[in-house]
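*Asks:*
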């Protein structure tokens, strides 16, 4: 009996504990949910933002509100705007357009909700001003693409802090400035946004590129791409016109690199156009295809750049025993096959779409103003210099399977890490070539008079082999602006150096053939 009694008590205890454990979260399944319990219930969800955004619109206040972080009020749709201030000094102004569009029926009043949330609930929470995120909602309808912007004011506790208005983009799993414009005074950050969401101030390091520099860099970039397209086209035609003569390995590899670079710059311009053309629209197949094309052309350019460096190593450093069976076929599989496999994998995961680089908007919206300067002029300059907030490229985005985490891994693995490996390899090759040119030897005395010539040759080779791409990995810190200009200019000249290289090879080939013809004529005359 005692044993049966103990078993009964154990079973009863487990049943009570299990019921209690289930009861702890049972309130999360009730609809509508209590506003006091939304954060507690959503913090265990895979996407806190999506859960909170869904439940906060319909939640009800039960009993006394325990926290000043959450506020609700009724807004008459006939009023000019909805206004609300938070305990932490935020000021929210919602225009009548947003109020009217948020209604689900003809009721005269809608619920306006503001909630101040700690940024730790979001997967990316660093550099958020005071670690506070402000959520704003009106009614139960999603509101976006407003002609009359919503204005939100954040307190600026330190006038030396530079920041930008951002919202939480749950598709990308990151903060985005799209649809928001930033202005500031000594005491406040002012945000004007065309949608409702979670908002915050993303603190920047003050090293962003200004809007004027951004425009100049864009012009340089487009001019460089146009120049590269023209010269690489001429380079390809130059090689193809000599098809009657058997092309050597050097010419074939050079042709492949020129073709890859041509496709890269064409796809870049098309990708920028596609992002601009589809601005404000859902992800389209057109933008996905352009993003995949740009990624493929970039990887192909990196691959053929490494192949060009490897071939130079065989010719100039190793010299002997360099025969490889089916050499060009193997190089072609590596140069075109590896990028194709990578892009097919990314496309299967739906990783391509509109992409907005973070510095594009932050650099234009965050101008540095000294404390005590006229506030009105600061605001007017910021607003007048705000560029388009739309996506800048069709590229790898976080809209696919796995979201931002997967796309970050793929971007760093297939772009940054791959580029770093190619640059390291080609740098070693150039160092070996430099040692060959300037090293001691029987011809060292003769070469000393050609130091400038050899140095320029080495510089041209470094640009042709893509070493200026390394500046993209160093564009941080106090030399950001200088590095960015150098990167843009030198990469625009890569096509120029490839063209000059091809021209030199063609001239040398003509010179060699003319010399042979002269020798034959001389021998015939002598006979």
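In mature numbering (1 follows the signal peptide of the UniProt record, and there is no 0), the protein residues as written are -21 to -1, 1 to 506. Just so you know, even glycine gets a beta-carbon here, dropped at the ideal spot from N, CA and C.
Roughly how far, in whole angstroms, is the beta-carbon of residue 514 from the beta-carbon of residue 81, given that I think they are within contact range, below 8 Å?
*Replies:* No answer is possible for residue 514: the residues shown for the chain start at -21 and end at 506.
*Asks:* In this structure, how does DSSP classify residue 318 when only helix, strand and coil are distinguished?
*Replies:* If DSSP states are grouped into helix, strand and coil, residue 318 belongs with the helices.
*Asks:* Quick check on the burial criterion: 16 or more other C-beta atoms within 10 angstroms. Buried or exposed for residue 294?
*Replies:* Answer is exposed; the Cβ neighbour count stays below 16.
*Asks:* Would you check if there are 3 or more beta carbon pairs closer than 8 Å linking the segment 208 to 217 to the segment 136 to 151?
*Replies:* The segment 208 to 217 is not in contact with the segment 136 to 151.
*Asks:* Decide if the segment 171 to 184 is in contact with the segment 430 to 450; the criterion is three or more beta carbon pairs, one per stretch, under 8 Å apart.
*Replies:* The segment 171 to 184 vs the segment 430 to 450: no contact.
*Asks:* In terms of residue numbering, what span does the alpha helix (DSSP H) encompassing residue 79 cover?
*Replies:* That run of the alpha helix (DSSP H) goes 75 to 80.
*Asks:* Could you check the C-alpha separation between residue 390 and residue 375 for me, to the nearest Å?
*Replies:* Answer to the nearest angstrom: the Cα atoms are 7 Å apart.
*Asks:* Going by the beta-carbon positions, is the gap between residue 317 and residue 278 smaller than 9 Å?
*Replies:* Yes, the Cβ-Cβ distance between residue 317 and residue 278 is below 9 Å.
*Asks:* Rounded to the nearest angstrom, how far is the Cβ of residue 404 from that of residue 288, given a contact under 8 Å?
*Replies:* Confirmed, Cβ separation roughly 6 Å.
*Asks:* Please list, in chain order, all residues of the same chain as residue 267 whose beta carbon is under 8 Å from its beta carbon, the five residues on each side excluded.
*Replies:* Taken in chain order, the residues that qualify are 326, 329, 331, 332 and 373.
*Asks:* Can you give me the Cβ contacts of residue 521 inside the same chain, cut-off strictly under 6 Å, excluding the 5 residues immediately before and after it?
*Replies:* The question about residue 521 has no answer here: the residues shown for the chain are numbered -21 through 506.
*Asks:* Have a look at residue 402 and residue 470 and give me their C-alpha separation to the nearest angstrom.
*Replies:* Between residue 402 and residue 470, the C-alpha separation is close to 14 Å.
*Asks:* Taking just the CA atoms, how far does residue 99 sit from residue 14?
*Replies:* Computed Cα separation, rounded: 19 Å.
*Asks:* Can you check the segment 430 to 492 for any beta strand (DSSP E) of at least 3 residues that lies completely inside it and give the ranges in chain order?
*Replies:* For the segment 430 to 492, not a single whole beta strand (DSSP E) run of length 3 or above is found.
*Asks:* Hey, quick one: how far does the alpha helix (DSSP H) through residue 101 stretch, first residue to last?
*Replies:* It is not in any alpha helix (DSSP H) - residue 101 carries neither H nor E in the DSSP assignment.
*Asks:* Judging by CA-CA distance, which residue of 438, 440, 101 and 291 is the nearest neighbour of residue 112?
*Replies:* The shortest C-alpha separation from residue 112 is found at 101.
*Asks:* At the 9 Å Cβ level, is residue 29 part of the contact set with chain D, yes or no?
*Replies:* Any reference to chain D falls outside this structure, which holds one protein chain only.
*Asks:* How many Å lie between residue 61 and residue 94 at the Cα?
*Replies:* Each residue's alpha carbon lies about 15 Å from the other.
*Asks:* Figure out for me which residue from 432, 473, 435 and 437 has the closest Cα to the Cα of residue 448.
*Replies:* With distances taken between Cα atoms, residue 448 lies closest to 473.
*Asks:* How about residue 115 and residue 89: are their beta carbons less than 9 Å apart?
*Replies:* Not a contact, by the Cβ cut-off of 9 Å.
*Asks:* What residues match up with residue 332 in a beta bridge as DSSP calls it?
*Replies:* Its beta-bridge partners are 374.
*Asks:* For the alpha helix (DSSP H) containing residue 282, list its first residue and its last residue.
*Replies:* Residues 264 to 291.
*Asks:* Give me, in chain order, the residues of the same chain whose beta-carbon lies closer than 7 Å to that of residue 244; leave out the 5 immediate sequence neighbours on both sides.
*Replies:* For residue 244, where only same-chain residues beyond five positions count, the Cβ hits under 7 Å are 204, 207 and 208.
*Asks:* What does the Cβ neighbour count give for residue 67, buried or exposed, with the cut at 16 atoms within 10 Å?
*Replies:* Residue 67 comes out exposed.
*Asks:* Kindly list the residues whose CB is nearer than 6 Å to the CB of residue 280, restricted to its own chain and excluding five residues on each side of it in sequence; keep chain order.
*Replies:* Excluding positions up to five away in sequence, the list reads 239, 240 and 243.
*Asks:* Evaluate residue 128 with the Cβ neighbour count: other Cβ atoms within 10 Å of its Cβ, from every protein chain shown; 16 or more gives buried, anything less gives exposed.
*Replies:* With 16 or more other Cβ atoms within 10 Å, it is buried.
*Asks:* CB-CB under 8 Å to residue 1, same chain, minus the five flanking residues each way: which ones, in chain order?
*Replies:* Only weak support exists for where residue 1 lies, its pLDDT of 40 falling under 50; the value from the coordinates is given anyway. Result list for residue 1: empty, nothing under 8 Å.
*Asks:* If you drop the 5 nearest sequence neighbours on each side, which residues of the same chain put their C-beta closer than 6 Å to that of residue 34?
*Replies:* Closer than 6 Å at the Cβ level, and outside the excluded window around residue 34, lie 12 and 17.
*Asks:* CA-CA distance, residue 507 and residue 414?
*Replies:* With the chain running from -21 to 506 in the structure shown, residue 507 is simply not present.
*Asks:* Mind checking residue 252: buried by the 16 CB within 10 Å criterion, or exposed?
*Replies:* Result: exposed.
*Asks:* Where residue 131 and residue 39 are concerned, what is the direct C-alpha to C-alpha distance, given to the nearest angstrom?
*Replies:* Answer to the nearest angstrom: the Cα atoms are 24 Å apart.
*Asks:* By Cβ distance, which residues of its chain are closer than 7 Å to residue 291, with the 5 residues on each side in sequence left out?
*Replies:* 408 and 412, listed in sequence order.
*Asks:* Within 10 angstroms of the Cβ of residue 371, are there 16 or more other Cβ atoms? Answer buried if so, exposed if not.
*Replies:* Flag for residue 371 reads buried.
*Asks:* Return the CA-CA distance between residue 37 and residue 156, expressed in angstroms with no decimal places.
*Replies:* Cα to Cα, the separation comes out at about 27 Å.
*Asks:* Around the Cβ of residue 361, are there at least 16 other Cβ atoms within 10 angstroms (buried) or fewer (exposed)?
*Replies:* Bear in mind that a pLDDT of 36 at residue 361, under 50, signals an unreliable position, so the model cannot answer this.
*Asks:* Should residue 248 and residue 306 be called a contact, given that it needs their Cβ atoms to be closer than 9 Å?
*Replies:* No, they are not a contact pair.
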